[in-house]
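Chains as they are written, first to last, in the working numbering: chain A, 28 to 295; chain B, 28 to 295; chain C, 28 to 295.
First up is the structure itself, then whatever we jot down about it.
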């Protein structure tokens, strides 16, 4: 239950006014997209992964976003140091377990990172969240049930075990914290035809977490803005090359009235 | 000689229906483009390079694409493991020897990779294919003759020595296997003003090889689709920034009638 | 003082005619953008960072561009070898100290690189140039004064200490060599909302330095072309996704009359 109606616009205006510095340790495929999306949102992005400097960089940043898409030993070393340092300094940590469940290495690294520092927000698609929940409740193995109901249950287990917010993104986005769930119906199927849209959602979540310490709200607001900008872009031109460009334009130009008229959010 | 007319559309429809997972170990410059091109084609791309996990990832993929554009020791280690594993599992391997001939390191790595596992399809520009053939027939050194005739002869030597398909791409694309040659006249000069179009052709070739075990056909179909989408895009707007976007849109929207009316393919 | 009016168009025509090979060791975020910008300008880009091959690659290139945006140990090793080799061969070296001043690692690496080989041209924003000048005049520490006047003074100290050209880019760009200063008023505020525009300016500077051995002129011409293409692009569509695309199109289509009518350059 929200005590008051969600104030997405207030948060977005705050990001645009403050331009919080978001420290990303992310994958090679999406670095350009997510930097541009953070800029279009109004935040200030930086991509910094070297173990020699991530701790110093976390210290001057307002949030840390860690994404394991193209992980390797150098990046993993940087992720561990950065996550621990962010927790020590009380800075929000957002984690995107790209492809967890696909290889033993991804599973092991995800587990090590979660042990290193509990993320405040985890965002993944249904299978990633189920794989991650499976790692956590190891006696159960990775849950073989499919569909969003199972993924939301996995998110709830993860949230209760780790204490943070878990986002399951897809045609419908679910934001889960303990017994609380927000559901967002914004977005467009064509977004799945542009690489890194999930990673972009994670990066934007970092920006909202930087300016709103209620991380359940921050994650919900980020996913709403992502979905609304995505559907505005897809309505401009229903093709994936154009969508990538129009998404940035729509995100940059997003207005309070567009958010109000399009928001498809329910809570329980 | 083709026993039947080429069925490019059938292959494209199969990719769109099956969304084969294509494992790419490629360069930093083009990861975003090639992921987006594979998505626009209908395939499912993944970029995974860590030696710790490439063998596991090959096992769940339908084809492996290796591209040495921005190679370094970590990536080369991943490439070797992935290529050997793909051969062991009988999965198609497509190799793009970007810049071979430019440095001794590129030559040595290319030779090591070819020794590790024979690619099913190699795609390069004329000078890369000639350099690669020169490595193979070491007593001749790199052939100094230029022009497409010389490159096609180099491709034929390579194909006969290694047993796979060799693609020489350029204003005209040549697909060579043993004594067989397909020639494609599609494409547009402006494509050379967008970085990574060759790498994108290689990635698309991986998707066609994933669903058509006749690799000569798979490579021919990929190059035809690449060229047709490129010329459609260049006709929309004759400028390189626009071309990159329009190429993805045209690839996503490519129809059977566009392929039939535009295909410029000859065989001997 | 320029002995003759600047001949930006002559240099641009020379780049388009000669397509000089520009060797970039740059960051993951902008590799695609800067490769495309160099292609749109008329140059031939290559991104090559492995210590095993950078020396060979410098030898066949016309200029070296080093950018520390996402530096790590492997890249730094490649940068050092490449810079020393470029100096030995008398090839122009352009250096972009992204984020220097933000972490001790960036400061140390920048210092090591400058000790390795003096760049012919350094380009940064005001705070980077002031941080770099602070490293140089270590007894003063990083100057805490802000504003472009202070940055231009820092650029002058750097130029006099190291002997090269220093560019401070921003709303107004300053190109400084010894007591000489060129000031460019072209560009558009929206360029700051697209990631890597500064890195792109550095890459284009490499192309101009490849064909004009007067590096003060080369840097001035590059910044002018960058600013003019950027303002043409922003006038087409005032949104950041579109700007990235339109910038490449405008750069590719840039004419002598557009340069003449828009150039906002003063010298003292």
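C-beta: ideal position from N, C-alpha, C; glycine also.
Source: prediction; values computed, not measured.
Exercise for the section: Determine the contact status of residue 153 of chain B and residue 175 of chain B, defining contact as a CB-CB distance below 9 Å. Expected result: The residue labelled residue 153 of chain B in the question sits at position 126 within the second chain. The residue labelled residue 175 of chain B in the question sits at position 148 within the second chain. Going by C-beta atoms, residue 153 of chain B is nearer than 9 Å to residue 175 of chain B.
Handout entry: Partners in chain A for residue 59 of chain C, counting only beta-carbon separations shorter than 7 Å
Key = The residue given as residue 59 of chain C occupies position 32 in the third chain. Under the 7 Å cutoff, chain A gives 59.
Handout entry: residue 201 of chain C - partner residues in DSSP beta bridges
Key = Within the third chain, residue 201 of chain C is the residue found at index 174, counting from 1. DSSP lists C:195 and C:210 as partners of residue 201 of chain C.
Handout entry: Within-9 Å CB hit, residue 241 of chain B to chain A
Key = The residue you call residue 241 of chain B lines up with position 214 of the second chain. Not one chain A Cβ lies under 9 Å of residue 241 of chain B.
Problem - Residue-level contact to chain C via CB, residue 204 of chain B, 9 Å cutoff - result: Taking the second chain and counting its residues from 1, one reaches residue 204 of chain B at position 177. No, residue 204 of chain B lies away from the interface with chain C (no Cβ there is under 9 Å from its Cβ).
Practice task
Leaving aside the five residues before and after residue 233 of chain A along the sequence, list all residues of the same chain whose C-beta is less than 6 Å from its C-beta, in chain order.
Solution key: Taking the first chain and counting its residues from 1, the one referred to as residue 233 of chain A is at position 206. 49, 90, 92 and 121.
Exercise for the section: Could you please give me the residues that DSSP links to residue 123 of chain C through a beta bridge? Expected result: Taking the first residue of the third chain as 1, we reach residue 123 of chain C at position 96. Partner(s): C:94.
Practice task
Just the C-alpha distance for residue 229 of chain C and residue 123 of chain C, rounded to the nearest angstrom, thanks.
Solution key: For the purposes of this step, residue 229 of chain C is identified with residue 202 of the third chain, where counting begins at 1. For the purposes of this step, residue 123 of chain C is identified with residue 96 of the third chain, where counting begins at 1. Taking the straight line from one Cα to the other gives about 7 Å.
Handout entry: Any C-beta of chain A under 9 Å from that of residue 101 of chain B
Key = Counted from its first residue, the second chain places residue 101 of chain B at position 74. Against chain A, the CB of residue 101 of chain B has a partner CB under 9 Å away; the residue lies at that interface.
Exercise for the section: Starting from the C-beta of residue 113 of chain A, find all residues in its chain whose C-beta is less than 6 Å away, skip the five residues before and the five after it, and write them out in chain order. Expected result: The residue labelled residue 113 of chain A in the question sits at position 86 within the first chain. These residues qualify, in order along the chain: 85, 91 and 120.
Practice task
Just the chain C side, please: which residues come within less than 9 Å of residue 129 of chain B by C-beta, in chain order?
Solution key: What you label residue 129 of chain B is simply residue 102 of the second chain in a count that begins at 1. Going along chain C in sequence order, the residues near residue 129 of chain B (Cβ under 9 Å) are 73, 75, 80, 83, 84 and 87.
Practice task
Note down the Cα distance separating residue 227 of chain B from residue 256 of chain B, rounded to an integer number of angstroms.
Solution key: Taking the second chain and counting its residues from 1, the one referred to as residue 227 of chain B is at position 200. Taking the second chain and counting its residues from 1, the one referred to as residue 256 of chain B is at position 229. About 12 Å.
Exercise for the section: Just the C-alpha distance for residue 36 of chain B and residue 202 of chain C, rounded to the nearest angstrom, thanks. Expected result: Your numbering for residue 36 of chain B matches position 9 in the second chain. Your numbering for residue 202 of chain C matches position 175 in the third chain. Looking at the two C-alpha atoms, the distance is approximately 55 Å.
Problem - Minimum Cβ-Cβ distance from residue 133 of chain A to chain B less than 9 Å - result: Along the first chain, one-based indexing puts residue 133 of chain A at 106. For residue 133 of chain A, the answer is yes, since a Cβ of chain B falls inside 9 Å of its Cβ.
Handout entry: Where the alpha helix (DSSP H) through residue 293 of chain C begins and ends
Key = Numbered from its first residue, the third chain carries residue 293 of chain C at position 266. First-last for residue 293 of chain C: 292-294, but that is the beta strand (DSSP E), not the alpha helix (DSSP H).
Exercise for the section: Return the CA-CA distance between residue 134 of chain A and residue 192 of chain A, expressed in angstroms with no decimal places. Expected result: Walking along the first chain from the start, residue 134 of chain A turns up at place 107. Walking along the first chain from the start, residue 192 of chain A turns up at place 165. Those two C-alpha atoms are separated by around 20 Å.
Problem - Alpha carbon of residue 138 of chain C to alpha carbon of residue 194 of chain C, nearest angstrom - result: The count along the third chain starts at 1 and reaches residue 138 of chain C at position 111. The count along the third chain starts at 1 and reaches residue 194 of chain C at position 167. Rounded to the nearest angstrom, the two C-alpha atoms are 18 Å apart.
Exercise for the section: Enumerate in chain order the residues of its own chain whose CB-to-CB distance from residue 143 of chain A is below 7 Å, with the five nearest sequence positions on each side excluded. Expected result: Taking the first chain and counting its residues from 1, one reaches residue 143 of chain A at position 116. The answer, listed in chain order, is 107, 110 and 111.
Handout entry: Beta-ladder partner(s) of residue 186 of chain A, from DSSP
Key = Looking up residue 186 of chain A in the first chain gives position 159. In DSSP, residue 186 of chain A forms no bridge with anything.
Practice task
Quick one: give me the first and last residue of the alpha helix (DSSP H) that residue 73 of chain C is part of.
Solution key: Start at 1 with the first residue of the third chain, and residue 73 of chain C comes out as number 46. Note, residue 73 of chain C: premise wrong, no alpha helix (DSSP H); beta strand (DSSP E) at 71-74.
Handout entry: chain C contacts made by the stretch 37-65 of chain B, where a contact means CB separation under 8 Å
Key = Residues of the stretch 37-65 of chain B with a Cβ closer than 8 Å to any Cβ of chain C, in chain order: 54, 55, 56, 57, 59 and 60.
Handout entry: Beta carbon of residue 104 of chain B nearer than 9 Å to that of residue 78 of chain B
Key = As a working mapping, residue 104 of chain B is identified with position 77 in the second chain. As a working mapping, residue 78 of chain B is identified with position 51 in the second chain. Going by C-beta atoms, residue 104 of chain B is nearer than 9 Å to residue 78 of chain B.
Exercise for the section: Report back the beta-carbon spacing between residue 47 of chain C and residue 70 of chain C to the nearest angstrom; my notes put them in contact at under 8 Å. Expected result: Numbered from its first residue, the third chain carries residue 47 of chain C at position 20. Numbered from its first residue, the third chain carries residue 70 of chain C at position 43. Contact between residue 47 of chain C and residue 70 of chain C holds, with the beta-carbon distance rounding to 5 Å and staying under 8 Å.
Handout entry: Among A:199, A:277, A:148 and A:236, nearest to residue 1 of chain A - alpha-carbon criterion
Key = Since the first and last residues shown for chain A are 28 and 295, residue 1 of chain A lies out of range.
Exercise for the section: Can you give me, in chain order, the residues of the stretch 269-286 of chain B that have a beta carbon less than 9 Å from any beta carbon in chain E? Expected result: Structure shown: chain E not included; protein chains present are A, B and C.
Handout entry: Cutoff 7 Å; reference residue 260 of chain B; Cβ partners in own chain excluding five residues on either side
Key = For this step, residue 260 of chain B is matched to residue 233 along the second chain. Around residue 260 of chain B: 270, 273, 274 and 277.
Handout entry: Residue(s) in a DSSP beta bridge with residue 51 of chain A
Key = The residue labelled residue 51 of chain A in the question sits at position 24 within the first chain. As DSSP reads the structure, residue 51 of chain A sits in a beta bridge with A:74 and A:92.
Exercise for the section: Evaluate residue 186 of chain A with the Cβ neighbour count: other Cβ atoms within 10 Å of its Cβ, from every protein chain shown; 16 or more gives buried, anything less gives exposed. Expected result: Position 159 of the first chain, counted from the start, is the residue given in the question as residue 186 of chain A. It counts as buried.
Problem - Element boundaries [alpha helix (DSSP H), containing residue 60 of chain C] - result: To locate residue 60 of chain C, count along the third chain from 1; it is residue 33. Run containing residue 60 of chain C: 58-68, per the alpha helix (DSSP H) assignment.
Problem - Within chain C, partners of residue 259 of chain B - CB distance below 9 Å - result: Working through the second chain from its first residue, we reach residue 259 of chain B at position 232. Among the residues of chain C, none has a CB under 9 Å from the CB of residue 259 of chain B; the nearest is roughly 17 Å distant.
Exercise for the section: Spell out whether any CB of chain B is found under 9 Å from the CB atom of residue 67 of chain C. Expected result: Locating residue 67 of chain C in the third chain gives position 40, where the first residue counts as 1. A Cβ of chain B is located within less than 9 Å of the beta carbon of residue 67 of chain C.
Exercise for the section: List the residues of chain A whose Cβ lies closer than 7 Å to the Cβ of residue 98 of chain C, in chain order. Expected result: If you number the third chain from 1, residue 98 of chain C lands on position 71. Near residue 98 of chain C (Cβ distances below 7 Å), the residues of chain A are 77.
Handout entry: Contact belief for residue 126 of chain B with residue 96 of chain B at Cβ below 8 Å, rounded distance in angstroms
Key = One-based indexing of the second chain puts residue 126 of chain B at position 99. One-based indexing of the second chain puts residue 96 of chain B at position 69. About 7 Å separates the two Cβ atoms, so the contact holds.
Problem - Whole-Å CB distance - residue 156 of chain B paired with residue 236 of chain B, under 8 Å assumed - result: Taking the second chain and counting its residues from 1, the one referred to as residue 156 of chain B is at position 129. Taking the second chain and counting its residues from 1, the one referred to as residue 236 of chain B is at position 209. About 18 Å separates the two Cβ atoms, so there is no contact after all.
Handout entry: Where residue 151 of chain C falls: helix, strand or coil (DSSP)
Key = For the purposes of this step, residue 151 of chain C is taken as the residue at position 124 of the third chain. Here DSSP, grouped into helix, strand and coil, assigns residue 151 of chain C to strand.
Problem - Coil, strand or helix - residue 250 of chain A by DSSP - result: Reading the first chain from its first residue, position 223 is the one you call residue 250 of chain A. It is helical.
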